[in-house]
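Chains as they are written, first to last, in our numbering: chain A, 1 to 533; chain P, 1 to 323; chain W, 1 to 326.
The beta carbon of each residue, even a glycine, is placed where N, CA and C say it ideally should be.
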Amino acid sequence: MSVRQGLLAMTLASALALAVSPAMSQTLRYANQGELKSLDPYTLNESTTHAHLGHVYEGLVERDKDLKIIPALAESWEIPEPTRWRFHLRKGVKFHNGDPFTADDVVFSAERVRAQGSNLQNRLPADAKVVKVDDYTVDFVLSSPNPILHGQWDVWYIMDKKWAEANNAVAPTPVAATTPSYASLHENGTGPFTIESHQPGVKTVFKANPNYWKKPEHNLKEIIFTPIASDATRVAALLSGEVDVIEPVPIQDIQRVNASPNATVLSGPELRTIFIGMDESRDELLFSNVKGKNPFKDIRVREAFYKAIDVELIKNRVMRGLSTPSALMVAPELYPLSKEFTRPKFDLDGAKKLLTEAGYPDGFEVTMDCPNDRYVNDAAICQAVVGMLARIGVKVSLLAQPKAQYFAKVLKPGGYKTSFFLLGWTPATMDSQNVLHDIMGCRDDPKDPNRGEANLGGYCNKQLDELTDKILVEPDVTKRNLLIKQAFEIANKDYAYIPLHQQALAWGVSKKVKLVQRADNQVLLYWATKQEE
Amino acid sequence: MSEAVVQHKAEEPVARGAAQTGWFKRALDSDLFYSFRRSRITMIAAAVTLLFFLLAIFASLLSVQNPFDPAQLQLMNSRISPLWTADGQSPFLLGTDEQGRDVLSAILYGLRISLLVGVLGVVLSGALGILLGLTAGYFGGAVDGLIMRVADVQLSFPAILIALLINGIAKSVLGNKLDEMSMLGVLVLAIGLSFWVQYARTVRGSVMVEKNKDYVAAAQLIGLPAPVIMLRHVLPNTMGPILVIATINLALAIITEATLSFLGSGMPETMPSLGTLIRIGNNYLFAGEWWIVAFPGLALAALILSINLLGDWLRDALNPKLR
Amino acid sequence: MLAFTLRRAIQAVGVMIAVGIIAFSMFRFAGDPVNQMVSIDTSGAERAAIRQSLGLDDPVIVQFGRYVANAAQFKFGISYQFRLPVTNLLMERMPATLELAICATIFAMVGGILMGVYSALRRDSLLAHAFQAVSLIGISLPTFLIGILLIYLFSVTLGWLPSFGRGEVVRIGWWTTGLLTLSGLKALIMPSITLGLFQLTLIMRLVRAEMLEVMRTDYIRFARARGLTTRAIHFGHALRNTLIPVITVAGLQFGSVIAFAIITETVFQWPGMGLLFVQAVQNVDIPIMAAYLMMVSLIFVTINLVVDILYTIVDPRLRSTVSRAH
């Protein structure tokens, strides 16, 4: 192309660009492996759903590109006393149907999110009082201090009271709704996009909201979202340019995508920690050839397992370098002192010795439960673990199942029926306390029935529980972090779990598109810009 | 009983003539064998099929590792490309997969699983179909009506759906006890129960024709029990079509197993069949690790192709109109 | 005639009831739907409440009674995943599946008949052998592998055809069609070929065999003796006689095509009933699974019934003993 032609092309391009208004002119096509099942923001506590609905709804606070909590529908807030939070609301914000946003909507949303049928009841303590001070000020009065009250409020979306009342949508749509509700098929948020059409499981079209209160960072006219469950098809769609963004890219295809002329992979560590757990509570394992006793009650056996698993090899081979081996059950992004922990070294001989000392010189047999469609390469990781344990004489038979059957078996409603398992966990509050409480807390605490809810192995150490309770109410960040450190040290000394790694995020993005990747794996396209076509 | 047998043997030449001299022998002696010799493709197909069976039987002697034993897999050796490529490594002739499993060994062992599921599935469906077909045809009336209605219901579902269903039930019934071996059993059951109708209909048809013939009446007259008449006299006449159905169904059964694997209801990855190997390998096609899917795919295609060719030839050879 | 039709219709209803029992009882026991609907940290009490509201704690016989009563009115309940009536979901997805199935059948018929006739007439030509080989490959490669190979070749490598979905669809009443837009037509090509290849093989072999058989009959010899042109013999007589069984088989196979679309739709992310079904199996969405089975059986039973009745009209000899080609 000669200089003159180039100049001409540039002038032409800019003339065209002026003609069609450069801002908000692009159509972005996005494919995810999962579907958007309901538009009611209180139906399902699941991160992909939250991300989709985050385009149309907003919370009082939001998390920025680095996951820091920043003001959204609330302009500012203060904590005048430990049990009272005061939020000052943003003025001049309108819902998509034109209704103004006021304190009444916050009070209404606080009731709705805690009502029977909501899947997000833990966003706000049941006994917290929400008081309207004036049209743009709301107080939250708590029965006990909670410095992380707003920790999950970025995905507690505020709904329009008037709209909900007019459309018979005051009650949240329960996950097991037997009749379709208005709110599950329609939206009325304050967010940067509106939903133009929604065919569940097929296609959802988002349109830019021209009346959005903030200056948009995107240049999109619309987003067309399609679920594509098949890995190969999703990758093919990206490579052929039929879609602009896909999530996730299977890790084996990352190179291929990067080598292609029109797309790249955005990757980074995810906040989810993948770990292995053992049944440490039953007197005899459900699925093992050891009878009359439970080998996992012996710390030496747990240590032996820990040391027999080579996470670096898993990282290099199974995860193709895209994982961060972890010494903790929480991601380093979520806990500043995590650098002070190191993983015990991979040590096959040491593991064998420990096993011999524990009375199993020839190992034993145990069944491992593993999902095969939940985490990145989950079944492959389990297979690798089985091979590694075989080297210290432990014969593991692997039961890798789809998540439906897997969770039904190992979770609380299934009676924690597992002896040895692989699980992943992202603390919803983005905080270590959630990990200590939900997966390391003693089960069957009469005072706190939710403690240890997802503690599938039944690990229990009262000392750790006491620390967890202190951590919840400790307002001083430095002290709090030290308490968390103590708690994690106890768990690590007990070899309560075997943390493996934080898996990597992998989004496939067309070279025409620029977007921001947040470590909680929420694909938020209001930060995306697409090159003019 | 022995007296009856002797008598029945004495009746043979009178009653049925050639049928009793051994259908198979007669066939080999004459047209069938001739047409076999005449078709080179059929001979190749037979040789390939035989080779696959031999490979499956002697898999453990021919493999560098037992791919079903996790202790023998080295993660260090994962994703090595075939020996003749730049990054190839001995002894992995066809390369290795994600878990460091030797692809050739995996194919040999997978072949064993696929053939086992296929053959047992066909035997089960054949036995079931023949039994039900004989019963329906011989007794007629209400029994016949019932069996054929069940067959109708079954026909409302294509085999793959039935197999998915049976798989689903077995999984929920067996639940935690579902290990590799019981999964194998479930697949055999699923395939066996999906393919019986064709046999039953064929057998029933010929029983209806045969049972009014004189020799059956004669056999009844001399007091032979119904099962003996069915098995010794009527059944041999239907062996031709049954053999054709069985051959074609063997190929179908192997495909069904592979498809179930694709939909996530087949053999687990710790004891992969050819179908499972293809499903796993398929994930690596875009990544350029083509050998993980290509070789199991070729093996499966070659196996089914040869069996189909044999089935085709058998059907044509046994159809007098086409000879 | 009327009595026969009536008897067949009653049998069809009986079959449907049996299918209903099977569909219900099978899926009642496969997996726990509650787990699919809630997140991992939902409390036990909440789960129990959901169980109860779904009626999963009632005696099985009560659940079945409820199911049949509703199914008779085409009410299959609410999908656990989408919280929408299953009937609506299936109706929404049905056009996609039917369009795909019809295109695949047309592809199979046209291709199968042409290839079949050719290979019957020029039995030993090179092309006939090539057709024979193609047809063998068609039944020897699993459907999903063919789909993936097509995507790899035509979408990724050559970039000619879309790899997923229906392209742009036009809504006509409740029906959505991809036949009216270029992208819709392009999107139909690979899935139709993938789905139709097996039927094509079947039809090609059938046509070839039937043609060969008809050509041997005395009546063709007579035609030849009467001095009719080869062309007239082949297409006016031989092919016409071949077509009736071919159309019958294609009709009867239509139910199977719809069922086999499960695999094709999964590979191409085709938004039809089959994909809905596979996703339902993965999510233990009992209402969708059960309704899908009923729907496919209904289609199958209806086709069988129609074929039976047409047969008796076309060929009076069959009125007493109707046999069906399989």
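A Cβ-Cβ contact shorter than 9 Å links A:VAL235 with A:ILE246. In the structure shown, A:TYR30 adopts extended strand secondary structure according to DSSP, grouped into three states. With distances taken between CA atoms, W:ILE258 lies nearest to W:LEU100 out of W:LEU100, W:THR87, W:ASN70. Beyond the five residues adjoining it in sequence on each side, A:PRO475 comes within less than 8 Å, by CB distance, of PRO82, PRO145, PRO147 in the same chain, given in chain order.
One alpha carbon belongs to P:GLY137, the other to P:GLY223, and they sit about 19 Å apart. Within a 10 Å sphere around the beta-carbon of A:ALA308 sit 16 or more other beta-carbons, which makes this residue buried.
If you ignore the 5 residues before and after A:PHE341, its C-beta comes within less than 6 Å of the C-beta of ALA327, LEU328, all in its own chain and listed in chain order. In this structure, the alpha-carbon of A:ARG84 lies about 55 Å from that of P:ASP179. Taking C-beta separations shorter than 6 Å and ignoring five residues to either side along the sequence, the partners of P:GLN89 in its chain run ILE80, following chain order. With fewer than 16 other Cβ atoms inside 10 Å of its own Cβ, P:MET76 counts as exposed.
Not one beta carbon of chain W lies nearer than 9 Å to the beta carbon of P:ASP214. Looking at the DSSP output, A:ASP139 sits in a beta bridge with A:ARG86, A:VAL131. In the displayed model, P:LEU146 falls within a helix according to three-state DSSP. In the three-state reduction of the DSSP assignment, W:GLU92 falls in the helix class. For secondary structure counted as the alpha helix (DSSP H) over 4 or more consecutive residues, the segment 158-226 of chain A holds these complete runs in sequence order: 161-166, 182-185. Comparing C-alpha distances from P:TYR199 to each of P:MET239, P:LEU83, P:LEU50 shows the shortest one belongs to P:MET239. Within chain P, the residues placing a beta-carbon under 9 Å from that of W:LEU145 are ALA258, PHE262, ILE278, ASN282, VAL293, GLY297, LEU300, ALA301, ordered along the chain. The distance from the Cβ of A:LEU120 to that of A:TYR42 is about 5 Å, consistent with a contact at the 8 Å cut-off.
By the Cβ neighbour-count rule, A:PRO200 is buried, with 16 or more other Cβ atoms within 10 Å of its own. Proximity to A:SER184 across A:LYS129, A:PRO172, A:GLU35, A:THR194 peaks at A:PRO172, based on C-alpha coordinates.
A:VAL301 and A:LEU355 have their C-alpha atoms roughly 6 Å apart.
Put simply, the CB of P:ALA163 is far from chain A, with every gap to its CB atoms at 9 Å or more. Just so you know, the alpha carbons of W:ARG216 and W:VAL207 end up roughly 14 Å apart. Where A:HIS501 is concerned, the enclosing beta strand (DSSP E) starts and stops at 498-510. Contact between A:ALA103 and A:ASP154 is ruled out by a C-beta separation of about 20 Å, above the 8 Å threshold.
The C-beta distance from W:ALA261 to W:LEU195 rounds to 6 Å, short enough to fall under 8 Å.
Taking a Cβ-Cβ threshold of 8 Å, the residues of chain A close to W:SER163 are THR233, ALA236, ALA237, SER240, GLU242, in chain order.
The bridge partners DSSP lists for A:THR324 are A:GLN502. Interface flag for P:ARG204 against chain W is unset, since no Cβ pair is found closer than 9 Å. If one requires a minimum length of 4 residues, no alpha helix (DSSP H) run lies completely within the segment 100-125 of chain P.
When P:LEU263, P:HIS233, P:PHE286, P:ILE278 are compared, the shortest CA-CA separation from A:LEU239 is found for P:PHE286. By a beta-carbon distance limit of 8 Å, A:SER397 contacts A:THR367. Their separation comes to about 5 Å. In the structure shown, A:ARG518 adopts coil according to DSSP, grouped into three states. Counting along the chain, the unbroken beta strand (DSSP E) around A:VAL366 starts and ends at 365-371. Here the C-alpha atom of A:GLY241 lies approximately 26 Å from the C-alpha atom of A:TYR375.
Closer than 9 Å at the C-beta level to chain W, one finds these residues of the segment 184-207 of chain A: SER184, LEU185, GLN199, PRO200, GLY201, VAL202, LYS203.
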